[in-house]
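Each position in the sequence shown, counted from 1, maps to that position plus 135 in this note's numbering.
Here the structure comes first, spelled out in structure tokens, and everything after it is commentary.
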Amino acid sequence: MRRPVLRNLFLASSLLALTQLMMPTKAAAEARLALVIGQSAYRTVPELPNAANDAKGMTELLGNAGFTVTTAANLAQNEMRTAISDFAGKVSASGADTVALVFYAGHGLQIDGENYLVPVDLDPKREADIPLQGVRLNDLLNTLGALPTRARIFMLDACRNNPFPALSGAGHGLAIVDTKAGAPGSFISYSTSPGAEAEDGSGIDSPYTTAALSVAKQPNLPIEEVFKRIRIAVAQSTDGRQIPWESSSLTTDFKFFGGESSSQQPAIPGASAMALAGGTRSVADWRKDLQGKEPKVAYELVIADDTAEAYQAYIEMYTQDARTPRLRTVLERRRQMLAWERAVAINTRASFEAYLANWDNSDLAATARRLLLRVQNRNYVLPATVAATPAPVAVAMAPTCPCSAPSTPATPVNPTVAPIIKKRVDDTTPKRKVVETPPKPRRPPPDEVVYERAPPPDRGPPPGAVMQGIGIGIGIGMGMGGGGRGSDYHNDRGRY
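What follows is the structure, given as structure tokens:
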């Protein structure tokens, strides 16, 4: 009696387990992994107390959002590289449905158009030391970008001031990183605009992290909307001195927290009007959108969009507003950093000369001149290298004789020049005759032959006459007096 009961219980539990496996869940469909780095205890420059607090707050937020968080603090260069490598291994093992997030709080530097994260043991004596002692941001992006993942999110509170005296010639802030130039599926957020410096703030956290901790936990917000609201909150808390910036190549939706709706959370002023933001629009389009709006509402709209076109429209329409001078500064810096990004990406003499023609007095001018000199030296060597490279020869123009060298045709190859090709082949014929070995001169028969076929001693001529006849026959024939006898002698030889 107990066996049927046990059998039924076993079947029921198996059916329940199978049903659970067949029902898709968000946790099973999307794994979430995060690496949080807080760099506070720098060894050669003053500490950054807020960086440790920022890392602690983000660790708690991301843990509540379903991330498995790895937290690392005060990393030297080798330790930072190891932490990134270990995290990449976890992401790779987690599978293609993984969302990987990296949060970094600490110093960041821009050297020669490259962005670097700063380990706590960095001690540069010159700018050339940074590539050796720092960690390239592109190395982090490329390491995770090479892995099959659902999304990669990078939050960088790393645009603080440059504290290293030996790097006085380095540019302010960080350079633009366009995620669309790399592997798709990435989202990167800076705590302030490219080329600008972020503030530490007066609280326990930086203005950027403070806003992120408040906005990201609001339910049912797409990631793009989260960072638009973060940008508005930071601009408000810093009186427009700091405006976060991001770039996205995401191919899927992401929300830190799900929920029925976000109506229960207080909305940031002006956020309800941000439906206008989206896509690239002209200055004229923005003038129409801002027409009749209060300056504060219009300001939040253009901050949320964060494009040069939006800022230009605001500056033109709200000339008397107190925010306009700040936005004019932001716009000027944005245009400069876009020009700098193009110059570094193209990396030619013309690109750096174009940058210097417009921004000769900027903080990046010294770097531009150094890179200009570098590409000039490269271009100086280039012509010799090109000259040493043999020009390609069309198959139809290939030489027919291995001893003739190919020559570059004066005009493009086309079928109408076939007679010229034939003529070139014919021209080689006389050259072969010139190099031919001349025929060997005929020599007289060996002496022993003459003596073998000589007449008997009683009829033949004396030895002197024989030699004289041979010389005359070979040299001038019958033109001399002694030739008669030589001729008779030859006739006699014919008879014998």
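Idealized CB from N, CA, C, for every residue including glycine.
- Considering only 179, 231 and 352, the residue with the shortest C-alpha distance to residue 165 is 231.
- Rounded to the nearest whole angstrom, the CA to CA distance from residue 246 to residue 427 is 44 Å.
- When the five nearest sequence neighbours on each side are left out, the beta carbons in the same chain lying within less than 8 Å of the beta carbon of residue 212 are those of 254, 256, 257, 268, 269 and 270, in order along the chain.
- A Cβ-Cβ contact shorter than 8 Å links residue 182 with residue 176.
- Shown here for residue 382: same chain residues with a beta carbon closer than 6 Å to its own, the five before and five after excluded, namely 313, 314 and 323 in chain order.
- Distance from residue 243 to residue 309 at the Cβ level is roughly 5 Å; contact confirmed, criterion being Cβ atoms closer than 8 Å.
- According to the DSSP secondary-structure assignment, residue 417 is paired through a beta bridge with no residue.
- Counting only the Cα atoms, residue 358 lies some 16 Å from residue 233.
- A direct Cα-Cα distance of roughly 6 Å separates residue 448 from residue 421.
- Within the same chain, 478, 503, 506 and 507 come within 6 Å of residue 487 by CB-CB distance, once the 5 residues on both sides are set aside.
- In the DSSP secondary-structure assignment, residue 382 is bridged to 323.
- Scanning 282, 419 and 341 for the CA closest to the CA of residue 321 turns up 282.
- The secondary-structure analysis by DSSP pairs residue 268 with nothing; it has no beta-bridge partner.
- Contact between the region 368 to 388 and the region 328 to 347 is present, with at least three C-beta pairs closer than 8 Å.
- Distances from the alpha-carbon of residue 275 to those of 199, 437, 178 and 223 put 223 closest.
- Note: residue 245 is bridge-paired with 250 in the DSSP secondary-structure output.
- By the CB criterion at 8 Å, residue 326 and residue 316 fall outside the cutoff.
- Taken through DSSP and simplified to helix, strand or coil, residue 255 comes out as coil.
- With respect to residue 259, residue 301 sits close: the two C-beta atoms are nearer than 8 Å.
- Within the same chain, 237 and 323 come within 6 Å of residue 289 by CB-CB distance, once the 5 residues on both sides are set aside.
- Between residue 279 and residue 235 a beta carbon distance of about 6 Å is seen, short of the 8 Å cut, so the two are scored as contacting.
- Cβ atoms of residue 446 and residue 465 come within 8 Å of each other, at about 6 Å.
- When DSSP assignments are scanned along the region 166 to 210, the uninterrupted stretches of beta strand (DSSP E) that are 3 or more residues long and fall wholly within it turn out to be 166 to 173 and 203 to 208.
- In the DSSP assignment, residue 449 falls outside any beta strand (DSSP E) and lies within the alpha helix (DSSP H) extending over 443 to 452.
- Around the beta carbon of residue 329, 16 or more other beta carbons lie within 10 angstroms, which makes this residue buried.
- C-alpha of residue 460 to C-alpha of residue 220: approximately 45 Å in a straight line.
- Per DSSP, the beta bridge partners of residue 357 are 390.
- Approximately 14 Å separates the beta-carbon atoms of residue 450 and residue 436; this is outside 8 Å, ruling out the contact.
- Around the beta-carbon of residue 241, 16 or more other beta-carbon atoms lie within 10 Å, marking it buried.
- Counted as a single uninterrupted DSSP element, the stretch harbouring residue 458 is not any alpha helix (DSSP H), since DSSP gives it neither H nor E.
- Taking 3 residues as the minimum length, the beta strand (DSSP E) runs contained wholly in the region 271 to 320 are 286 to 292, in order along the chain.
- If the five residues before and after residue 299 are omitted, its C-beta is found closer than 7 Å to the C-beta atoms of 180 and 259, all from its own chain and listed in chain order.
- Taking each of 272, 195, 335 and 471 in turn and checking the Cα distance to residue 296, the smallest one comes out for 335.
- Only residues of its own chain outside the window of five on either side were considered, and among them 474, 478 and 503 have a CB closer than 6 Å to the CB of residue 490, listed in chain order.
- Residue 503 carries a helical assignment under DSSP once its states are collapsed to helix, strand and coil.
- Ranked by Cα distance from residue 167, the first of 228, 207 and 361 is 228.
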